[in-house]
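S.K.:
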Amino acid sequence: MGGPACGWLAAVAVWLLDLSVTISCEGQLLYSNISTHSDAQIQLIFDSDIDANPLEMQLVTNTYYLRNSAEFLHQESEDLQMTTMSGRLRWDNCLSEACGSDFLRLMKNPKIVGTAIGCAARIFKAITCGDPSFDREILGEWRSYFDSASGLGFVGNTLAWFPELEVTKENMESGVRLSLIDAQTRHEQQIAIIEEICKCAECFDGGPAEDEAFCLSAIFESIVVMSAAMAGISIVDGILPSRAGLERFYVRQRRMRTDADEDFLEKVKRIGYIHRVLETTTRNIDSDISIAETRLLDATKLFTGQETFGLSHILDVTAVSTGGLCFYLDMLRELSLDRNLAGRVHVVPGKIERDGKPFDFVSDREHHPNGHYTGLTDEVPDFTEISMLAQEHVRSLRRMKRA
């Protein structure tokens, strides 16, 4: 709505944009290129009020044309994960929902499952304490020093996230109380029994090669690995794991049996089946990736169903935004030497944003320990001498500059 000067909009709409247009004045139709005038995409109304500002226009209505939302399913993505679509599962029955009757078949043996988890927790406790019976390489690969990542803490953590295992609690606690040697022996025995019950191609030489059933041993290991990951992850109420995420953990454990290299198999022979749950780093990630980033990968995998967040080539990532969730390290809130906070990952709904712009991740500035810089005094000519002292404290990193 406006004065005669707005008439040029009709010409632009018709000749350049091929839109349907009507022009009217005081209820009288002056021009139309569409038979049903009320459906015109552009409706111009001349205002004959002599006091009206001829440059003033009024927007009467808006029409938005949205692209077919299904088109993104047919687009190509470099990481092959753009179109990952998966529902979420409730914590109280996520294992049976994800693995179906095969999980129920595994749980028909609660004593075996509970004892195996308890023995694993006892072995984790020994590694956390640096038991000399493990070589330095094994101790160096351990990533979880949280209270809930070993011993009775691991048992409590496992039951808190996966209440379907409550029937195994007594056996878990019995396994934790064993000596290290007994725990290692019993763990091997329980895994062997689970594989005997499973009888899939990976567990049994004569098993069906094309069987669609879940491997019971891989289900068990997936539970242990996910519990170890959740020991270092905090979530807000209402965030649930994705079905695809649980399946990713399962697929990873099953692939260890088919894609394992000689070095991996040698470690399994040396320290037993427990090595299959000790090696928590995603197998396609560079070995130099930091411990905290590995935990970020575990969190994004479990809650979004994506194997990685496409940043495996970038080191020192401290926060990631993907799938409507934000994953960030506790150090972004406060530096701490508390072993239950250092390296902990927080998961909240939302995205990373700065100055009104969205970002996919946050990473530390690249470090140049031997860098040489010139021209610093040219930037601040009023100072005759410049020096900088950096002091690192437990709670903060302070920079002091003096001249």
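According to mature numbering (1 follows the signal peptide of the UniProt record, and there is no 0), the stretch in the sequence shown is residues -27 to -1, 1 to 376, in order. Just so you know, even glycine gets a beta-carbon here, dropped at the ideal spot from N, CA and C. The model shown is predicted, which means the values in this text are computed figures rather than measured ones.
#1: Leaving out five residues on either side along the sequence, give the residues of the same chain with a beta carbon under 8 angstroms from the beta carbon of T231.
#2: Secondary structure at R327, three-state DSSP: helix, strand or coil?
#3: Is V197 helix, strand or coil by DSSP?
#4: Report the three-state DSSP secondary structure of A(-17) (helix, strand or coil).
#5: Using DSSP bridges, identify the partner residues of P322.
#6: With a CB to CB cut of under 7 angstroms and the five nearest residues on each side skipped, what residues in its chain are close to D337?
#7: Grab me the residues of A272's own chain with a C-beta within less than 8 angstroms of its C-beta, minus the 5 sequence neighbours each way, in chain order.
#8: With DSSP run on the structure shown, which of helix, strand or coil describes R61?
#9: Please determine, among C67, A(-18), Q162, I196, the residue with the shortest C-alpha to C-alpha distance to F19.
#10: Can you name the start and end residues of the beta strand (DSSP E) that V224 belongs to?
#11: Residue range of the alpha helix (DSSP H) that V241 falls in?
#12: Starting from S(-4) and walking both ways along the beta strand (DSSP E), at which residues does that stretch end?
#13: Just verifying my parser: in three-state terms, what is the DSSP assignment at A292?
#14: Looking only at C-alpha atoms, which of R327, R95, K240 sits nearest to E114?
#15: For the candidate residues M199, A165, I90, S74, whose alpha-carbon lies nearest to that of E185?
#16: Can I7 and S(-8) be called in contact, C-beta distance under 7 angstroms?
#17: Kindly indicate the opening and closing residues of the beta strand (DSSP E) around Q162.
#18: How should C188 be labelled, buried or exposed, when 16 other C-beta atoms within 10 angstroms of its C-beta is the threshold for buried?
#19: Can you look up V209 in the DSSP assignment and give me helix, strand or coil?
#20: Distance check for L298 and M55, CA to CA, integer angstroms please.
#21: In three-state DSSP terms, what is F97?
#22: Spell out a yes or no on whether the segment 132 to 141 and the segment 93 to 107 are touching, meaning 3 or more CB-CB pairs, one atom from each, closer than 8 angstroms.
#23: Among all the DSSP beta bridges, which residues are the ones paired with Y4?
#24: Let me know if S152 comes out buried or exposed under the rule of 16 or more other beta-carbons within 10 Å of its beta-carbon.
#25: Just reading off the beta strand (DSSP E) that F334 is part of, what are its end residues?
#26: So, with DSSP's three-state summary, where would you put S260?
#27: Measuring only the C-alpha atoms, how far is V128 from S121?
#28: Can the beta-carbon of R243 be found less than 7 angstroms from the beta-carbon of E194?
#29: Give the straight-line distance between the Cα atoms of H160 and E235, rounded to the nearest whole angstrom.
#30: Please classify A165: is it buried, with 16 or more other beta-carbons within 10 angstroms of its beta-carbon, or exposed?
#31: Output the distance between the C-alpha atoms of Q157 and T101, rounded to the nearest integer angstrom.
#32: Work out the CA separation of G(-21) and I23 for me, nearest whole Å.
#33: Which same chain residues, not among the five before or five after W(-13), have their C-beta less than 7 angstroms away from its C-beta?
#34: Please go through the same chain and pick out, in chain order, the residues whose beta-carbon is closer than 8 angstroms to the beta-carbon of E146, but skip the five residues on each side of it.
#35: Which of the three DSSP states is assigned to F107 in this structure?
#36: Ignore the nearest five residues each way along the sequence and tell me which others in V140's own chain have a CB closer than 6 angstroms to its CB.
M.R.: Judging by the given coordinates:
#1: E175
#2: strand
#3: helix
#4: helix
#5: L298
#6: In the same chain as D337, and ignoring 5 residues on each side of it, the C-beta atoms closer than 7 angstroms to its own belong to D289, T291, in chain order.
#7: If the five residues before and after A272 are omitted, its C-beta is found closer than 8 angstroms to the C-beta atoms of A202, I206, F300, V318, V320, all from its own chain and listed in chain order.
#8: For R61, the secondary structure class from DSSP, reduced to helix, strand or coil, is strand.
#9: Per the Cα distances, A(-18).
#10: Premise fails: V224 lies in the alpha helix (DSSP H), 216 to 231, not in any beta strand (DSSP E).
#11: V241 -> alpha helix (DSSP H) spans 235 to 244.
#12: Counting along the chain, the beta strand (DSSP E) containing S(-4) begins and ends at -7 to -3.
#13: The DSSP-derived three-state label of A292 is strand.
#14: K240
#15: S74
#16: yes
#17: Premise fails: Q162 lies in the alpha helix (DSSP H), 153 to 171, not in any beta strand (DSSP E).
#18: buried
#19: coil
#20: Residue confidence for M55 is low, a pLDDT of 49 falling below 50, so the modelled location carries little weight; the figure read from the coordinates is stated next. If I take the Cα positions, the gap works out to 15 angstroms.
#21: helix
#22: They do not touch, by the three-pair rule.
#23: Beta bridge pairing from DSSP links Y4 with I(-5).
#24: exposed
#25: 334 to 336
#26: Low confidence applies to S260: its pLDDT is 42, below 50, so where it sits in the model is not reliable, and the reading given next is rough at best. Coil, per DSSP.
#27: 8 angstroms
#28: no
#29: 23 angstroms
#30: exposed
#31: 15 angstroms
#32: Caution applies to I23, whose pLDDT of 49 falls short of 50 and renders its modelled position unreliable; the model cannot decide the point.
#33: none
#34: G91, L125, V128
#35: coil
#36: P83
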